[in-house]
Ligand code: OKP
Ligand code: ZN
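In our numbering, the protein residues as written are 336 to 688.
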């Protein structure tokens with residue numbers, strides 16, 4: 336019994352010193368390198384995890400599969416351009432590019448393609464909150480995570496039944512031309528896009544937070560069905576998106592399904608929501624499935640409000656496995672570092688074969 340676990344050491348290059356919480360409070364950066372380290376260590380201790388590194392090569396065009404060129408340019412070059420403008424750097428932590436201005440609503444569209452010209456403030460154009468700053472190693476880490484997703488997708492394209500990408504930083508909040516929510520390149524969308532060469536693909540996002548970036552990328556796409564089960568955006572991040580009436584547009588109308596659930600959601604309710612998702616999926620009849628996996632639905636997650644326990648992840652995984660589709664699993668969130676190890680093992684084991 337084995338399951339390929341695709342993992343790259345590049346995640347270590349991304350380690351913002353803090354995050355700016357609600358009320359301007361300085362908090363630890365929850366999306367820490369420790370997360371990946373802990374999950375990897377727990378997986379190593381199993382008999383079935385077959386840990387592999389991403390395919391060799393630079394693969395710098397990979398993010399362009401799902402992101403706009405000007406955005407990818409900024410994630411790649413924005414930090415060094417900003418540093419070269421000699422910003423006043425604070426003391427006590429490494430240089431960190433936080434934007435201080437954002438385009439007001441309706442001003443954004445006009446600036447498309449020009450925001451990059453203003454390296455010292457341009458990043459405000461490309462990010463929708465303060466949780467995705469750029470540091471020196473951010474691009475390398477984000478590209479490394481994208482390579483993990485690509486490799487897992489290629490394994491499944493070439494015959495593996497399932498493959499897991501241990502991506503860090505995560506990706507599901509990153510849209511065509513924006514970062515946010517700890518995300519830079521949308522690893523889940525990259526995997527789905529690659530798999531879509533063979534036919535239609537379903538994405539199911541079971542992270543606690545709405546997968547707004549994935550929704551944005553496939554908004555007008557009827558070849559990739561996007562489904563997200565998440566905390567009601569009236570009650571939690573990303574607050575302004577993730578409502579049930581967002582169903583896709585143009586040719587993609589009807590190919591996005593949001594299932595918001597209330598704070599306090601238990602495993603039992605969660606499994607019911609999952610059945611709703613499956614009903615839509617069966618109608619769609621994809622050849623492959625991408626699961627955006629988050630363990631922030633866990634009861635003791637420090638930033639979330641659902642009530643799942645470790646055994647619920649086994650039940651959720653068994654239901655997903657029973658769909659009997661070639662499956663790429665992509666890691667998104669989960670911030671309780673005590674529990675991440677046991678939860679990732681519990682969830683992935685049903686996919687080992
Ligand atoms: C990323 B992923 C906590 C504020 C949370 C950002 C959350 C991003 C979640 N005080 N802000 O979906 O797990
Ligand atoms: Zn999340």
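The beta carbon of each residue, even a glycine, is placed where N, CA and C say it ideally should be.
Could you check what DSSP says for residue i in three-state terms: helix, strand or coil?
{"i": "residue 540", "result": "strand"}
{"i": "residue 438", "result": "coil"}
{"i": "residue 529", "result": "helix"}
{"i": "residue 649", "result": "helix"}
{"i": "residue 343", "result": "coil"}
{"i": "residue 674", "result": "coil"}
{"i": "residue 466", "result": "coil"}
{"i": "residue 513", "result": "strand"}
{"i": "residue 502", "result": "coil"}
Less than 6 angstroms separating the Cβ of residue i from some heavy atom of ligand 2?
{"i": "residue 543", "result": "yes"}
{"i": "residue 546", "result": "no"}
{"i": "residue 356", "result": "no"}
{"i": "residue 629", "result": "yes"}
Taking 6 angstroms as the cut-off, is the C-beta of residue i nearer than that to any heavy atom in ligand 1?
{"i": "residue 510", "result": "no"}
{"i": "residue 638", "result": "yes"}
{"i": "residue 494", "result": "no"}
{"i": "residue 473", "result": "no"}
{"i": "residue 572", "result": "yes"}
{"i": "residue 466", "result": "yes"}
{"i": "residue 633", "result": "no"}
{"i": "residue 668", "result": "yes"}
{"i": "residue 517", "result": "yes"}
Run through the DSSP bridge pairs and tell me what residue i is partnered with.
{"i": "residue 582", "result": "In DSSP, residue 582 forms no bridge with anything."}
{"i": "residue 384", "result": "338"}
{"i": "residue 319", "result": "Here the chain covers residues 336 to 688 and nothing more, so residue 319 does not appear."}
{"i": "residue 362", "result": "354"}
Shortest alpha-carbon distance to residue i belongs to which of the options?
{"i": "residue 663", "options": "471, 493 and 404", "result": "493"}
{"i": "residue 512", "options": "456, 407, 491 and 449", "result": "407"}
{"i": "residue 476", "options": "550, 521 and 626", "result": "521"}
{"i": "residue 497", "options": "434, 478 and 530", "result": "530"}
{"i": "residue 548", "options": "462, 596, 609 and 675", "result": "462"}
Excluding the five sequence neighbours on either side, which residues of its own chain have a C-beta within less than 8 angstroms of the C-beta of residue i, listed in chain order?
{"i": "residue 599", "result": "640, 641 and 642"}
{"i": "residue 436", "result": "456 and 459"}
{"i": "residue 525", "result": "397, 398, 400, 401, 481, 484, 485, 488 and 506"}
For residue i, which residues in the same chain have their Cβ closer than 7 angstroms to its Cβ, ignoring the five residues on either side in sequence?
{"i": "residue 495", "result": "339"}
{"i": "residue 504", "result": "349, 366, 476, 477, 480, 517, 518 and 519"}
Are the C-beta of residue i and some C-beta of chain B separated by less than 7 angstroms?
{"i": "residue 467", "result": "Of the chains in the structure shown, none is chain B; there is only one protein chain."}
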